[in-house]
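>
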Amino acid sequence: MPTERVDYRRIANEITSKIKSGELAPGEKLPSTRQLAEQHGVHISTIHRVMSLLKDRELVEGHPGKGVYVAEPERESE
1 MPTERVDYRR IANEITSKIK SGELAPGEKL PSTRQLAEQH GVHISTIHRV
51 MSLLKDRELV EGHPGKGVYV AEPERESE
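Residue numbers 1 to 78, in full-length UniProt numbering, belong to the letters of the sequence shown in order.
1. For Tyr8, which residues from the same chain have a beta carbon less than 6 Å from its beta carbon, with the 5 sequence-adjacent residues on both sides left out?
2. For Ile15, tell me which candidate among His63, Pro64, Arg57 has the shortest Cα-Cα distance.
3. For a test of the three-state rule: what should DSSP assign to His43, helix, strand or coil?
4. Considering only residues of the UniProt domain "HTH gntR-type" (5-73), which uninterrupted alpha helix (DSSP H) runs meet the minimum length of 4 residues and lie entirely inside it, listed in chain order?
5. Have a look at His43 and Leu54 and give me their C-alpha separation to the nearest angstrom.
6. Relative to the C-alpha of Pro64, which candidate in Ala37, Glu23, Ser32 has its C-alpha closest?
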């Protein structure tokens, strides 16, 4: 379904922008999958794709049973 492809990229880009701008701070918990799906008017499976993409980009990290959090930025070794 073509709209799902567009939706998951749009949502992932929105969350990425919020992380990079500091609106979502490192260590901050993201809303639940269900809440994000309701906010964006999409199916839960779309949000699962969004979270998978954000994890691949190392922008968020999942903690089983606790939720998904904004990842701490990588520190460069000196």
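The beta-carbon is built from N, C-alpha and C at its ideal position, and this holds for glycine as well.
On the basis of the data shown:
1. As a first step, residue 8 must be located in the sequence shown, where it is residue number 8. The residues Thr46, Arg49, Val50, in chain order, have a CB closer than 6 Å to that of Tyr8 in the same chain once the five nearest residues on each side in sequence are set aside.
2. What you label residue 15 is simply residue 15 of the sequence shown in a count that begins at 1. Among His63, Pro64, Arg57, the Cα nearest to that of Ile15 belongs to Arg57.
3. The residue given as residue 43 occupies position 43 in the sequence shown. Looking at His43 - three-state DSSP - the assignment turns out to be coil, as it is neither helix nor strand.
4. DSSP runs (the alpha helix (DSSP H)) wholly in the UniProt domain "HTH gntR-type" (5-73): 33-40, 44-56.
5. Translated into the one-based positions of the sequence shown, residue 43 becomes position 43. Translated into the one-based positions of the sequence shown, residue 54 becomes position 54. Answer to the nearest angstrom: the Cα atoms are 17 Å apart.
6. As a position in the sequence shown, residue 64 is number 64, starting the count at 1. Of Ala37, Glu23, Ser32, the residue nearest in Cα terms is Ser32.
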